[in-house]
Amino acid sequence: MDGPPFIPITAGFFTAIACLPQRLIIRIFSFLTIQQLLFLSEVSWETRALVHIYVARAWSFQLNFRPWFRNTSAFQELLNRCEALVSGSHALQFFDRSYYPGSDMDIYVLHAQVKSVASWVYRQGYRVIPNAQVRLADPNKFAYPVTTISPKSRKGSSITTVVNFIRREIYWDGAVNEKHVQVIGLRVDPILHILYEFHSTAVMNFISSTVAVSLFPKSTLIDRKTYVVRDDYEKSKKNVLWRRKYCDRGFKIIGDNLGVRNNKEVERLCGHRFVTDRRSLVIPLTTLLHNSDIERDQEYLAVPFKVIEIERDLPGGGSDIRVIRPLRRE
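For the sequence shown, the residue numbers in full-length UniProt numbering are 1 to 330.
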């Protein structure tokens with residue numbers, strides 16, 4: 001059969017399947033879009049209960065990270081203790097309920113916490129891939145401090161260090177699977193790096209120890225559009241690489257020579273905001289952390305930002321958007 005099965009989005013249908021085994025209910029719900037899930041969550045208490053069952057499974061921290069780390073609770077505690085965030089393709093996959101072959105996991109953390117996070121990743125069976133910044137005194141033995149962790153920032157970036165890890169898994173049939181993890185050290189808080197240094201809106205998603213957040217959920221997860229938000233990516237050679245990658249993933253790139261020509265669309269995107277506001281999609285994650293740790297994580301993430309419109313001199317008009325820091329007096 002080509003494509004997903006037809007599922008009638010009616011209260012009667014979902015009330016009727018409530019008696020099915022939970023695994024079948026979860027399988028049926030896996031074919032629904034986020035819009036359909038939101039609709040069902042408001043239809044009746046029965047459909048809302050079914051949606052909650054599915055959400056707890058589909059966006060589970062433990063199930064999402066179990067293929068990467070055996071002890072997911074310890075990883076959750078690590079993220080909380082080091083105020084680290086998982087972002088990039090892995091976070092987008094999490095919200096998309098999909099898998100991008102060959103994608104790695106990016107863990108963003110302040111430079112002072114790189115050693116703590118990297119040492120923990122190594123203890124999970126991963127090995128370091130040496131590079132210009134990270135070299136081991138003994139290639140067969142991992143021990144921090146490594147020979148070199150350069151705090152020198154890249155031009156125009158707050159990134160100080162990238163520690164690359166790899167773990168090879170051999171399956172029963174001889175197939176080899178490689179998992180890649182990047183621990184990315186920063187001069188600034190990870191949330192600020194995501195807001196002001198990521199190339200476009202589709203990648204502005206992250207997973208913390210307590211919540212998963214998509215800052216532009218409608219354009220990213222429903223409309224499948226990503227808006228360029230940095231001037232340097234307009235002309236950079238990197239533009240070609242990420243454009244190709246996200247076009248392959250089904251996104252329409254808005255920016256470069258296109259611009260946004262829908263005034264209502266621009267108005268919807270622009271304005272004063274903060275991370276985890278009502279315009280974001282925020283999914284609470286099941287956790288064994290203490291309430292004080294959860295509250296601290298939520299306070300840390302409540303960062304204000306502003307989305308503005310920039311007029312473009314394009315045939316037929318149009319504009320771009322940019323994410324900027326709000327002025328103190330605003």
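Yeah, the Cβ is synthetic: ideal placement off N, Cα and C, and Gly gets one too.
Whole-Å CB distance - residue i paired with residue j, under 8 Å assumed
i: ALA58; j: SER30; result: 7 Å
i: VAL51; j: SER41; result: 4 Å
i: ILE26; j: ILE17; result: Going by Cβ atoms, the distance from ILE26 to ILE17 rounds to 11 Å, so no, they are not a contact pair.
i: SER219; j: THR287; result: Not confirmed; about 29 Å, so no contact.
i: PHE94; j: ILE170; result: Actually they do not touch by this definition, with Cβ atoms about 26 Å apart.
i: VAL282; j: VAL213; result: 5 Å
i: ALA84; j: LEU78; result: 7 Å
i: LEU221; j: ASP96; result: 7 Å
i: HIS111; j: ARG187; result: 6 Å
i: LEU192; j: VAL303; result: 7 Å
Cβ neighbours of residue i in the same chain (closer than 7 Å, five flanking residues each side left out)
i: VAL323; result: LEU195, TYR196, VAL229, PHE305 and VAL307
i: VAL121; result: PHE165, VAL181 and VAL183
i: PRO315; result: Model confidence at PRO315 stands at a pLDDT of 48, short of 50, so the residue's coordinates are unreliable; what they give is reported in the following sentence. Counting only Cβ-Cβ distances below 7 Å, and skipping sequence neighbours, we find nothing.
i: TYR246; result: ALA202, THR226 and ILE253
i: VAL240; result: none
i: residue 332; result: With the chain covering 1 to 330 only, the question about residue 332 has no answer from this structure.
i: PRO217; result: SER280 and LEU281
i: ASP293; result: ASN80
Extent of the continuous beta strand (DSSP E) to which residue i belongs
i: LYS115; result: Note, LYS115: premise wrong, no beta strand (DSSP E); alpha helix (DSSP H) at 114-123.
i: ASP106; result: 105-110
i: HIS180; result: 176-186
i: SER214; result: 211-214
i: LEU85; result: 85-87
i: HIS272; result: 271-274
i: ASN64; result: Where ASN64 is concerned, there is no enclosing beta strand (DSSP E), although the alpha helix (DSSP H) it sits in stretches over 61-65.
i: ARG127; result: 127-129
Spatial neighbours of residue i in its chain, beta-carbon cut-off 6 Å, leaving aside the 5 residues before and after
i: LEU215; result: MET204 and SER280
i: GLN124; result: PHE69
i: PRO139; result: Since pLDDT at PRO139 reaches only 48, below the 50 mark, its modelled position is unreliable, and the value read off the structure follows with that caveat. Excluding sequence neighbours, PRO139 sits near nothing in its chain.
i: PRO190; result: LEU85 and TYR108
i: TYR54; result: ILE26 and PHE29
Where residue i sits in the DSSP three-state scheme
i: THR220; result: helix
i: ARG279; result: coil
i: GLY255; result: coil
i: SER200; result: strand
i: ARG167; result: strand
i: THR226; result: strand
i: ASN80; result: helix
i: PRO304; result: strand
i: ARG268; result: helix
i: PHE206; result: strand
i: ARG243; result: helix
i: THR286; result: coil
i: ASP320; result: strand
i: ASN140; result: Caution applies to ASN140, whose pLDDT of 49 falls short of 50 and renders its modelled position unreliable; the value that the coordinates give is listed next. Reduced to three states, the DSSP call for ASN140 is coil.
The alpha helix (DSSP H) enclosing residue i, as first and last residue numbers
i: PHE39; result: 34-40
i: ARG23; result: 22-29
i: THR47; result: 45-58
i: TYR300; result: 291-301
8 Å Cβ shell around residue i - same chain, five flanking residues per side excluded
i: GLY271; result: LYS306 and VAL307
i: SER73; result: GLN62 and LEU288
i: VAL176; result: ARG168, GLU169 and ILE170
i: ARG224; result: GLY250, PHE251 and LYS252
i: THR47; result: ALA11, PHE14, THR15, LEU40 and SER41
i: MET105; result: TRP68, VAL86, GLY88, HIS90, LYS179, HIS180, VAL181 and GLN182
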